[in-house]
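Residue numbers (full-length UniProt numbering), protein chains in the order written: chain A, 1 to 93; chain B, 1 to 583.
For reference, the structure discussed in these notes is given below.
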Amino acid sequence: MADAQIRAKVNQKLIESGEYERLSQYLRQKLIEDGWYDQVTELASDTLRAQENPNFENLVDLVEPEALALVPEYVKIELLGMIKRFLEGIVDK
Amino acid sequence: MSTVIVSRPPPSNDANNKRASPSPRSSPSLSSSNNRKFSVSNGLPDPSRSPSAARKTVSVESTSAHDSQGSPSAMNSNGTTNGKNSSASTTSDGKYSSDSRIMSRINVDRGLLPQTIGCMHVKQLLSSPSQELALNSYRQAVRVALELRDRTSDMSAFQVRRCRGCGELLTTTFMCLQCPSVGCRKSKHAEAHSRDVGHIFGIDSRSGHLYCFACKDYVYNYTLEKIRREREELLEAKKLKKRYQEASQLSADDKMLVEQNSKAPPCQAGLRGFQNMGSTCFMSVILQSLIHNPIIRNDFLSGGHDSNQCQRENCLGCRIDEIFAEFFTSPTTTGYGPALLLTTAWKTQRSLAGYSEQDAHEFLQFILDQLHATSDAKSSSDVDYCGCIVHRTFCGQLQSDIVCPNCKNVTVTIDPFMDLSLELRDRKSDASRILSLQQCLEKFTSPEKLETKYMCSFCSTRQEVTKQLTVKRLPLVLSIQLKRFEHALKSNKIDDHVSFPMQLDLTPYTTNSRSKKRYVYELFGVVCHHGKINTGHYTCSMKNREGLWFNFDDAMVTLSSEKQVLTSNAYRYLLFYIIKELS
């Protein structure tokens with residue numbers, strides 16, 4: 001099957017089985033617990049306050065790289081593991 | 001002259017009745033680029049206008065079957081002269097039968113300074129003749145976005161939102177305000193659409209917020225945000241199975257009546273300090289915590305205790321109602337002297353009289369008790385199920401499990417609580433210092449071996465039982481007291497610095513701690529104590545409706561910040577958390 005087709009099928013399984021929602025909620029919970037939300041909110045507020053002409057795109061350019069870097073390793077690893085397990089579960093399809 | 005139809009696709013017959021799929025554009029003329037109805041300057045400044053750089057003129061137009069002639073006068077009202085002006089003429093497709101529209105032009109000037117609220121492009125759109133259409137389009141799109149957002153396992157919901165450029169499903173996309181196009185943010189397909197076709201407004205397909213591609217920013221507009229909020233609230237209300245407030249469905253006569261007889265609150269409504277009338281700062285901080293408590297505030301402001309109708313003598317409910325009315329309608333910002341409240345409080349409880357400093361937590365308990373007593377909504381049965389606003393807000397339930405080590409029998413008791421008092425140090429070891437709120441809560445809810453032996457009614461032996469407290473039912477607002485005042489051999493204040501989060505997940509401390517549902521709370525108030533145990537001073541920090549933090553020191557109110565609240569050196573005594581969905 002072509003790449004795009006595989007991708008489409010995987011997305012479909014991911015969404016319809018509810019796994020996407022589960023993964024999203026899990027990630028959100030972990031990031032709250034870790035304090036990541038608080039950190040990034042503070043970073044965004046500070047950056048926004050310092051901008052003379054506040055603008056969303058600028059804000060994203062300034063904050064996104066650091067926010068991504070602040071995500072703790074263990075969360076990334078855990079989530080990748082969960083995704084991998086999910087894929088293994090549907091790979092025969 | 002051929003026309004470009006730039007409007008919503010006809011209402012589809014499927015159950016969604018929304019933009020379920022991009023229907024093919026009915027006008028054949030769009031595909032041919034030489035019929036574009038907008039002009040793009042070649043990047044050189046237009047000498048007839050202001051000396052700003054790249055200027056792009058965009059037309060927002062919609063036509064209808066009835067519209068057989070354009071209005072050239074209106075088109076040129078902005079002063080632009082452009083050979084490509086066209087008149088709106090009859091469309092080949094008779095489906096778009098709305099009232100006649102005039103082509104309007106919106107100048108997208110990239111050189112002007114952005115405004116702090118909204119953007120000029122939105123303003124222009126909404127004051128143009130196309131405003132009704134724009135509002136309707138926005139309303140439709142918001143409905144699509146918000147209703148689909150909740151369908152998290154529904155493939156078709158994701159399909160509606162997917163980017164038409166790359167087909168990506170799981171990424172932020174924008175729905176075009178003026179056509180069925182949907183483009184993603186990441187690969188800039190939405191941006192490309194706005195550039196190529198000149199449609200500068202996008203609607204975030206998950207939140208419904210408006211994005212202006214000319215300003216490269218999400219923009220705020222009162223009218224649009226009202227539409228979005230209304231839809232969001234409608235969906236929230238449906239979700240919570242509450243009926244949507246009738247108030248917003250007022251008839252035109254009622255609306256006029258309300259408008260004529262009501263006063264808009266001043267800008268910083270509810271933001272005022274209290275004058276210290278002789279060591280009354282312990283009262284001021286508690287009153288501020290009520291004023292900034294969204295549930296209490298909403299109840300009083302919507303007439304929860306009508307001081308005009310109340311017949312009680314020395315009614316503290318009336319005093320609080322008067323304070324709310326005063327704080328939220330009077331434009332003065334000088335400190336409020338709560339003389340009447342004081343006298344009422346003193347008459348109710350003698351011990352409050354006098355000028356000595358009292359304990360803020362005791363005063364909180366007192367005032368909540370009084371508000372319950374003077375409430376018409378209270379029930380005479382158990383407080384855990386009392387209908388008064390105070391109990392509905394603050395009252396939770398604690399479950400206590402007592403386990404007999406001998407026969408393993410568990411005795412379960414459930415008691416109501418209005419606040420949690422957390423120890424800061426282990427009773428035995430002075431040395432172990434608890435550093436975070438979560439640690440305090442963990443300690444509070446962990447099993448503890450009781451020192452005195454109890455007689456187990458099950459196995460009839462005296463045993464050293466284990467007791468564990470867990471929260472069986474969380475209140476909407478959780479008040480936490482950090483027990484800083486030790487009354488051992490001598491009374492002293494525990495100065496330990498306790499860290500606490502803005503967002504607190506309380507699920508681990510509940511009785512069903514393995515529940516999948518997360519109970520996340522958000523901080524909105526902190527009461528601090530400065531100085532020694534008997535001669536100290538109280539101040540507080542509260543979060544207002546807009547999410548801004550303020551410090552209150554008697555009559556002095558100053559702007560603070562989340563960071564300051566979390567990192568200041570003041571000794572926190574009381575913390576107020578509210579469940580996140582309501583914050």
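Here a beta-carbon is modelled for each residue, glycine too, at the ideal position from N, C-alpha and C.
Keep in mind that this is a model prediction, so the values were computed, not measured.
Setting aside the 5 residues that flank it on each side, B/Lys378 is surrounded in the same chain by His372, Cys386, Gly387, Cys388, His391, each with a C-beta closer than 8 Å to its C-beta; the list follows chain order. Close to chain B, meaning a Cβ-Cβ distance shorter than 9 Å, are the following residues of the region 36–57 of chain A: Tyr37, Asp38, Thr41, Glu42, Ser45, Asp46, Arg49, Asn53, Pro54, Asn55, Phe56, Glu57. Distance between B/Ile295 and B/Leu566, taken at the CA atoms: about 23 Å. Taking the Cα positions, A/Tyr26 is about 38 Å away from B/Phe552. Here DSSP, grouped into helix, strand and coil, assigns B/Tyr220 to coil. In the DSSP assignment, the residues bridged to B/Val412 are B/Asp401.
Leaving aside the five residues that flank B/Ala157 on each side, the residues in its chain whose CB is nearer than 6 Å to its CB run, in chain order, Leu148, Arg151.
Between B/Asn406 and B/Gln463, the C-beta gap is smaller than 8 Å, which places the two residues in contact.
For the 8 Å CB-CB criterion, B/Gln275 and B/Asp554 form a contact. For the set B/Arg185, B/Pro447, B/Lys186, B/Leu177, the Cα lying nearest the Cα of B/Val197 is the one of B/Leu177. DSSP places B/Met502 in the coil class of the three-state scheme, outside both helix and strand. The Cβ of A/Ile15 sits closer than 8 Å to at least one Cβ of chain B.
Pairing B/Asp419 with B/Gln481 gives a Cβ-Cβ distance under 8 Å.
Residues of chain B with a Cβ closer than 7 Å to the Cβ of A/Ile32 are, in chain order, Gln503, Asp505, Val520. Less than 8 Å separates the beta-carbon of B/Val122 from that of B/Leu210.
Going by DSSP, B/Phe576 is part of the beta strand (DSSP E) stretching over 571–579. A distance below 8 Å separates the beta carbons of B/His529 and B/Tyr573. For the region 155–175 of chain B, the residues whose beta carbon sits under 8 Å from a beta carbon of chain A are, in order, Met155, Phe158, Gly167, Leu169, Leu170. When the beta-carbon positions are compared, B/Val498 and B/Leu424 come within less than 8 Å of each other.
Under the Cβ criterion of 8 Å, B/Lys239 is not counted among the residues facing chain A. Judged by beta-carbon spacing, B/Val527 lies within the 8 Å limit of B/Cys540, meaning their Cβ atoms are closer than that value. Straight-line spacing of the CA atoms in A/Glu57 and B/Ile203 works out to 16 Å.
Listed along the chain, the chain B residues whose CB falls inside 8 Å of the CB of A/Gly18 are Thr152, Ser153.
Annotated three-state conformation of B/Gln358 is coil, per DSSP. Counting C-beta pairs with one atom in each stretch, the region 350–370 of chain B and the region 278–292 of chain B have three or more that are closer than 8 Å, which means they touch. B/Thr348 and A/Ser24 have their alpha carbons spaced roughly 53 Å apart. Within a 10 Å sphere around the beta-carbon of B/Pro331 sit fewer than 16 other beta-carbons, which makes this residue exposed.
If you draw a straight line from the Cα of A/Val91 to the Cα of B/Lys517, it is about 30 Å long. Check the Cα spacing between B/Glu225 and each of B/Met455, B/Lys563, B/Tyr138, B/Ser457: the tightest is with B/Tyr138. Inclusion of B/Phe550 and B/Met542 in the CB contact set at 8 Å is warranted, their separation being smaller than that value. The DSSP-derived three-state label of B/Cys212 is strand. Relative to B/Asn221, the option among B/Leu478, B/Arg272, B/Ser127 whose CA is nearest is B/Ser127.
Take the alpha-carbon of A/Ile6 and the one of A/Ile83: they are about 15 Å apart.
Contact between the region 496–515 of chain B and the region 436–446 of chain B is present: three or more C-beta pairs spanning the two stretches fall below 8 Å.
Rounded to the nearest whole angstrom, the C-alpha separation of A/Asn11 and B/Gly165 is 17 Å.
8 Å or more divides the Cβ of B/Gln564 from the Cβ of B/Lys472.
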